[in-house]
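What follows is a single structure, written as C-alpha cells, with notes after it.
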Amino acid sequence: MKQFKYIGKRFQREDSLERAEGKTKFLADCKRLNMLYGKLILSEHAHADFQLDTEEALKVPGVYKILTYEDIPHVAYNSMEWFTGIQAQRDEYILNERARFVGDRIGLILAESKEACEKAWCKVKVQYQDLPVVADLQTAQEDRILVRGKTNLAYEKNIGYGDLANAEAEADFIVEDRGSTPRTHHLAIEPHIAMAEVDDFGNLVVYSPGQVVFAAQMQLSRILHLSYARIRVIKCNMGGSFGGKQQPLLELTAGVAAWLTQRPVQIYMNRRESMIGTFTRNGTEARVATAVRKDGKILERKVDTCFDGGAYDTNNTSIVNAYAKKLFRLYRIPAQEFHGRAYYTDKTPGGACRAYGGPQNHAITEVNIDHAARVIGMDPCEFRLKNLVEPYDADPVGGPNLGKAAVKECLRKGMEAFHWKEKYAHIREQNNDRYAYGVGVACADHGNGYFGAFPEFTNVEMILHPDGTALVKIAVHEQGCGTLDSLRLTAAEALDLAPEKITITEADTLLTPYDSAGTQASRVTFVSSGAILQAGNQLREKIFQTLHEVEKIEPDLLYTDNGTVKVKGSDKTYTYGEIATLREKKMFDPLSVYIHYEPHSNPAAYAVSFAQVKVDKKTGLVEVQKLLAVHDIGQAVNPTLVEGQIQGGAQFILGMALSEELVYDSKGNVKNSSLSKYHTLNVQDMPPVDIILVESHDESSPFGVKSVGEMSAVAPGPAVVNAINHALGTELTDYPLTPERIIEALEQKG
Amino acid sequence: MKIRAVVNGAAVEKEIDGSKRLIDFLREDLGLTGTKEGCSEGECGACTVILNGEAVPSCLVLAGQIQGGEILTIEGLEKNGELDLLQKKFISHGAIQCGFCTPGFLMSAKALFMKNPHPSSEEIRRAIEGNICRCTGYIKIVEAIEDAAKEME
C-alpha cells in the first residue's frame with residue numbers, strides 16, 4: 000500500500016471556523032438593493048381546480064405583484080433532468096393551472112419585505128373545486144381515478160438474468176416477504192431558498208444552495224428561452240441537502256421572477272413549505288421472494304416493487320433504476336428478476352434522497368435475507384457469508400465490475416468486534432416481562448457515480464500561482480459533508496503541497512469548468528479526486544519541464560518536497576511560486592493545466608451494520624443500544640469527516656426505521672407537516688456508533704477511495720429492524736417501526 | 000415600543016413593534032444573522048439564543064419580552080478576538096458539517112456551562128435535546144461539549 004502524506008490523516012475543516020462563529024452567510028442572511036422577497040402560495044387541496052382572489056392581498060403595503068401560471072412562461076420541465084441527454088416526461092411548471100398535491104405551486108407573492116409577503120399570504124383567498132384524489136399506491140394501481148393522462152402507471156422496468164425456473168425447481172424453500180417504506184422528509188435544517196438577480200450586463204445570475212448548477216442553468220435556459228451564456232448559476236452556502244436540493248426548484252422560481260421583474264428576488268420557504276412543497280423520498284411497497292437451498296445457498300430472488308412517484312414524473316425513472324441496480328451487486332445469486340413500477344399519486348413529487356433507492360431496497364431485502372436464514376435454521380451472518388459477492392465479481396446485469404469488493408471482510412470483522420455469535424445466541428436470555436433484547440445485522444451496497452449508466456466526466460483547471468498557492472477550479476457543491484476539504488487533501492497529495500495553500504472552488508457555471516452531473520450519486524470524491532490527481536500529475540510534469548527548459552536541469556534529477564522542487568545531489572531548491580514566475584517570465588505561459596477526466600470503473604462500496612436493541616413491550620418504544628458500522632471505504636481521505644458521515648447517516652436512516660414518515664390521509668393531506676409532529680432522532684435517541692473502516696484500496700480508484708456519504712445511510716435501518724424481529728420473534732417489514740406498529744404486532748402474536 | 004436591552008454586552012435601544020419575534024429583531028433590526036431559522040416553532044433549536052442566562056428559541060420569544068434583559072447570541076461568544084472554548088472544541092472535534100444548526104447548539108451548550116461548568120454527559124444531552132442536527136448524528140457534538148467541560152476552569 001502506498002503511504003500518503005496527507006490523505007488518511009485527520010485535518011480540521013477549513014470552513015468550520017466561520018461556521019463556529021456564525022459568520023457563514025447562508026442565502027437567508029443575504030440581501031440585495033431593491034430586492035423583492037417571494038413566497039409561494041401552495042395548494043391546500045390535493046387535486047383541485049382553483050381561483051385565487053388576491054384583491055385584499057394586493058392592498059397590503061409593500062406587495063409588488065402576485066403571479067399565477069398566466070404570468071409565467073408556459074414551459075414544462077422535469078427537474079430531475081440534469082443534462083440535455085436525458086428526456087423524461089416533462090410535466091412540471093413554475094406555477095400550475097391545476098393543483099395536483101397539497102403543496103403544489105399555485106401562486107407567487109412578490110413583496111418588498113418578508114413581512115409583507117406573510118401578511119399578503121394570509122389575505123389570499125383560494126376557492127377550490129375538488130377533483131378525485133389518488134392518495135395511496137393501491138388507489139393509483141386501480142386506475143379508477145387518474146392523476147393525469149390515461150393511466151397512473153408512470154414508468155415500468157423489468158430486469159433480470161439467469162434461469163429462474165431451474166432455480167426454483169432446485170430450491171428447498173421460497174421465502175417471501177412483503178414490506179413497505181415511508182415517504183420521508185430530507186430535513187435539511189436550512190429550509191429551501193434561492194435568489195436571483197439581473198447583473199449590470201443584463202445576464203441572469205442565480206444563487207443556488209443546491210447540487211446541480213449546470214442543470215439549473217439548462218432548465219432556466221429552456222424555460223426563459225435565454226441562451227446558456229446569459230445565465231449564470233452560482234452555488235452558494237448550503238445548510239444541508241441530502242438530495243432534497245438535488246432537483247432545482249426555487250432556483251427556477253427565483254430565476255424566472257427576477258427575469259420578469261428585472262429585480263433581485265429571494266424566494267424562501269418555511270419548514271412546512273419545505274416539507275410539503277418540494278420533494279420527498281419515494282415511498283415503496285415491495286414483495287421479495289428468495290429461493291434457498293437447505294445448505295444455505297441462495298438460488299434465486301424475485302423483487303417486485305411499486306414506487307409512490309407523486310404528482311409529477313420528476314424522478315420516476317431514476318428511482319426505479321437506482322433501486323434496481325443495487326439489487327444485483329451484493330449477493331451472488333444465480334438468477335434474479337426485478338419488476339418495478341412507479342405510479343403517479345396526488346402527493347409531493349418523489350426526488351433524490353440520500354442513497355437513492357438503497358434504503359428502500361435494502362430495507363426489505365435485508366429483512367428477507369434474515370427471514371430466509373431463519374427458515375433454514377442458519378445464523379444470519381453465516382448465511383450472508385455463504386452468499387455475498389467476492390472481489391472482482393461481474394455485475395450480472397451488465398453494470399461495471401464490482402472491483403475489490405470487501406463486504407465479506409466487513410462482515411467478518413464486524414462479527415468479531417460485535418461479539419455477534421455470543422450476542423445472537425444469548426442476548427434474549429435477558430428478556431423479561433417488560434423488555435425484549437435482540438441483535439440484527441444488515442449489508443448494503445452503493446456506487447461511485449454514473450460510470451456505466453450516464454455520461455461521467457469532469458473538467459478541472461489547476462493553477463499554481465506565483466505566491467506558491469494553488470487554485471483548483473472544479474464544479475463541486477459543498478453540502479456540509481466536507482467535500483471541499485476532502486478534495487483539498489487529494490489535491491495536496493497530488494501536488495505535494497500543504498492543504499492550507501490550496502483553494503477548491505464551488506460550482507459556478509461561469510467560472511468553473513463543466514462537470515457532467517453535479518454533486519450527486521456519490522460521485523464527487525471518487526470522480527473529482529481522480530480529476531485532481533490527473534491534473535496534479537500534469538502540473539508536476541510542467542513544473543519539472545519548466546526547470547528543464549529554463550534552468551537546464553534534467554527532469555530525472557528533480558523531485559518535489561512540500562511545495563518545492565529539489566535537485567538530487569545538489570542543495571538547490573525552487574519553490575512552486577518561483578517556478579510559476581520563471582515559467583511566465585521565460586516561457587510566456589502560466590503554470591496551469593486544464594484537463595478532462597473520465598473514470599473507467601465504478602467499484603461497489605459496501606457497508607455492514609450490527610445493531611443491538613431493547614424493546615419495551617409495554618410502550619412499543621425501541622432503544623437502539625449499540626450500533627456498529629463497518630465500511631468498505633477503499634481509503635478514508637479524512638477519517639474525522641468519514642466518521643461524521645457514518646454517524647450522520649445512522650441518524651438519517653434510523654429515523655426511517657423507527658419514527659420518520661410523512662403521513663397522508665385519504666384526501667392527500669399531510670398530517671404531520673411540522674417538526675413537532677414529524678419525529679426525527681434527537682441526541683437522546685441516538686445510539687453510540689462504533690465504526691470500523693476496511694480500507695480495501697480499490698486499484699481502479701484514485702487513491703483507492705470509495706463512497707461513504709450515501710452508503711452510510713442504508714444498512715443501520717434494516718439492521719435495527721432485524722434486531723427488533725430477533726428480540727420479539729416478529730416478522731415486521733413495514734417501516735417505520737413505530738411504537739404503534741410494534742404493539743400491534745405483539746398483540747397479533749398474542 | 001422602545002426596546003432597551005443589552006445584546007452581546009452592548010446596550011441597545013430601538014423603536015420597534017413589540018410583537019415582532021426576537022429572531023426577526025436580532026436578524027433584521029440588529030443584523031445578527033448568525034442566529035438561524037429552521038422551523039419557526041421551537042422544535043429545531045437553530046435559533047437558540049441566551050436570554051437572561053436561559054437558552055430560548057428566539058422564534059418563540061417576542062422582542063417585547065426582552066425589555067431590560069440581556070441577550071447573548073453566537074456573535075457574542077468570541078471574547079477579545081478569542082474563540083469561546085466551546086467553539087474551539089466544535090472545530091477540533093469535527094462537530095460542524097453544514098453549520099446551519101451550529102450556532103443553536105453552541106448557545107444551548109453555552110447556557111448550560113453558564114449555570115454548570117462541569118456538566119455530566121447526561122446533563123449535556125439534556126441541554127441539547129431541543130436542537131436538531133441532520134448532518135452529524137450528534138456524536139461529535141457531544142464529544143466536543145464533553146471535552147470542553149473537562150477543560151473548564
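Protein sequence lines, in the order shown, are assigned to chains A and B.
First residue of the first sequence? That's 0 in numbering that gives the first Met the number 0, and the numbers climb one at a time after it.
First residue of the second sequence? That's 0 in numbering that gives the first Met the number 0, and the numbers climb one at a time after it.
Heads up, the beta-carbon is just placed ideally off N, CA and C, and yes, glycines get one too.
Here the structure is a predicted model, which is why all the values come from computation and not from measurement.
{"query": "Buried or exposed: which applies to proline 60 (chain A), given that a residue is buried once 16 or more other Cβ atoms fall within 10 Å of its Cβ?", "result": "exposed"}
{"query": "Would you call the stretch 179 to 195 of chain A and the stretch 274 to 288 of chain A in contact, with 3 or more CB pairs under 8 Å?", "result": "yes"}
{"query": "Have a look at A:Glu381, A:Lys244, A:Asp345, A:Glu250 and flag the residue whose alpha-carbon is nearest the alpha-carbon of lysine 296 (chain A).", "result": "A:Glu381"}
{"query": "Consult DSSP for glutamate 27 (chain B) and reduce its assignment to one of helix, strand or coil.", "result": "helix"}
{"query": "Taking the beta carbon of asparagine 561 (chain A) as the centre, do at least 16 other beta carbons fall within 10 Å, making it buried, or is it exposed?", "result": "exposed"}
{"query": "So, does the CB of glycine 98 (chain B) fall closer than 7 Å to a CB anywhere in chain A?", "result": "yes"}
{"query": "Where does the unbroken alpha helix (DSSP H) through tyrosine 409 (chain A) begin, and where does it stop?", "result": "One detail in the question is off: residue 409 (chain A) reads as cysteine in this sequence, not tyrosine. Counting along the chain, the alpha helix (DSSP H) containing cysteine 409 (chain A) begins and ends at 406 to 417."}
{"query": "For the candidate residues A:Gly7, A:Lys500, A:Ala516, whose alpha-carbon lies nearest to that of alanine 506 (chain A)?", "result": "A:Ala516"}
{"query": "Please tell me whether leucine 219 (chain A) and glycine 254 (chain A) are closer than 7 Å, where the distance is taken between their beta carbons.", "result": "yes"}
{"query": "Closest to tyrosine 593 (chain A) by CA distance: which of A:Glu20, A:Trp81, A:Thr580, A:Lys541 is it?", "result": "A:Lys541"}
{"query": "Taking only the alpha-carbon atoms, compute the straight-line gap between alanine 39 (chain B) and lysine 705 (chain A) and give it to the nearest angstrom.", "result": "A small fix is needed here, since residue 39 (chain B) is serine in this sequence, not alanine. When rounded, the distance between both Cα atoms is 38 Å."}
{"query": "For glycine 576 (chain A) and alanine 493 (chain A), what's the separation of their Cα atoms in angstroms?", "result": "17 Å"}
{"query": "Return the residue from the list A:Leu41, A:Asn721, A:Pro498, A:Ser658 that minimises the CA-CA distance to glutamate 13 (chain A).", "result": "A:Pro498"}
{"query": "Go through the stretch 106 to 180 of chain A residue by residue and report every complete run of the beta strand (DSSP E) that reaches 3 residues or more, in order.", "result": "124 to 129, 152 to 160, 172 to 180"}
{"query": "Taking C-alpha atoms, which residue in A:Leu640, A:Asn430, A:Val607 lies nearest to aspartate 615 (chain A)?", "result": "A:Asn430"}
{"query": "With a 10 Å radius around its C-beta and 16 neighbouring C-beta atoms as the bar for buried, classify histidine 361 (chain A) as buried or exposed.", "result": "buried"}
{"query": "Do glycine 451 (chain A) and isoleucine 275 (chain A) come within 7 Å of each other at the CB atom, strictly closer than that value?", "result": "no"}
{"query": "Beta-carbon of glutamine 646 (chain A) versus every beta-carbon of chain B: anything under 7 Å?", "result": "yes"}
{"query": "At a Cβ threshold of 7 Å, is isoleucine 70 (chain B) touching chain A?", "result": "no"}
{"query": "Mind listing which residues of the stretch 342 to 365 of chain A have their C-beta closer than 8 Å to chain B's C-betas, in chain order?", "result": "none"}
{"query": "Decide if valine 662 (chain A) is buried, meaning its Cβ has at least 16 other Cβ atoms within 10 Å, or exposed.", "result": "exposed"}
{"query": "Please tell me whether alanine 139 (chain A) and asparagine 157 (chain A) are closer than 7 Å, where the distance is taken between their beta carbons.", "result": "no"}
{"query": "Can you give me, in chain order, the residues of the stretch 10 to 32 of chain B that have a beta carbon less than 7 Å from any beta carbon in chain A?", "result": "Thr32"}
{"query": "Should alanine 119 (chain A) be flagged as near chain B, meaning a C-beta pair shorter than 7 Å?", "result": "no"}
{"query": "For methionine 113 (chain B), count neighbouring Cβ atoms within 10 angstroms of its own Cβ and tell me buried if that reaches 16, exposed if not.", "result": "exposed"}
{"query": "By alpha-carbon positions, which one of B:Ala148, B:Pro102, B:Leu29, B:Glu142 ends up nearest to leucine 76 (chain B)?", "result": "B:Pro102"}
{"query": "Rounded to a whole number of angstroms, what is the C-alpha to C-alpha distance between tyrosine 5 (chain A) and leucine 136 (chain A)?", "result": "50 Å"}
{"query": "Report the partner residues of alanine 334 (chain A) according to the DSSP bridge assignment.", "result": "A:Glu299"}
{"query": "Given a cut-off of 7 Å, decide if alanine 603 (chain A) and leucine 626 (chain A) are closer than it, judged by their beta-carbon atoms.", "result": "no"}
{"query": "Quick one: using the 10 Å Cβ neighbour count with 16 as the cut-off for buried, is tyrosine 343 (chain A) buried or exposed?", "result": "buried"}
{"query": "For asparagine 281 (chain A), return the contacting residues in chain B, with the cut-off set at a CB-CB distance below 9 Å.", "result": "Under the 9 Å cutoff, chain B gives no residues; its nearest Cβ is about 19 Å from asparagine 281 (chain A)."}
{"query": "Please classify cysteine 305 (chain A): does DSSP put it in a helix, a strand, or coil?", "result": "strand"}
{"query": "Name the chain B residues that come within less than 8 Å of tyrosine 12 (chain A), Cβ to Cβ?", "result": "Looking at the sequence provided, one finds arginine at residue 12 (chain A) rather than tyrosine. Neighbours of arginine 12 (chain A) on chain B, chain order: Ile90, Gly93, Ile95."}
{"query": "Rounded to whole angstroms, what is the Cα-Cα separation between lysine 422 (chain A) and lysine 8 (chain A)?", "result": "34 Å"}
{"query": "Measuring CB to CB, does arginine 18 (chain A) end up less than 7 Å from isoleucine 95 (chain B)?", "result": "yes"}
{"query": "Per the DSSP calculation, tyrosine 391 (chain A) is bridged to which residue(s)?", "result": "Tyrosine 391 (chain A) pairs with nothing; no bridge assigned."}
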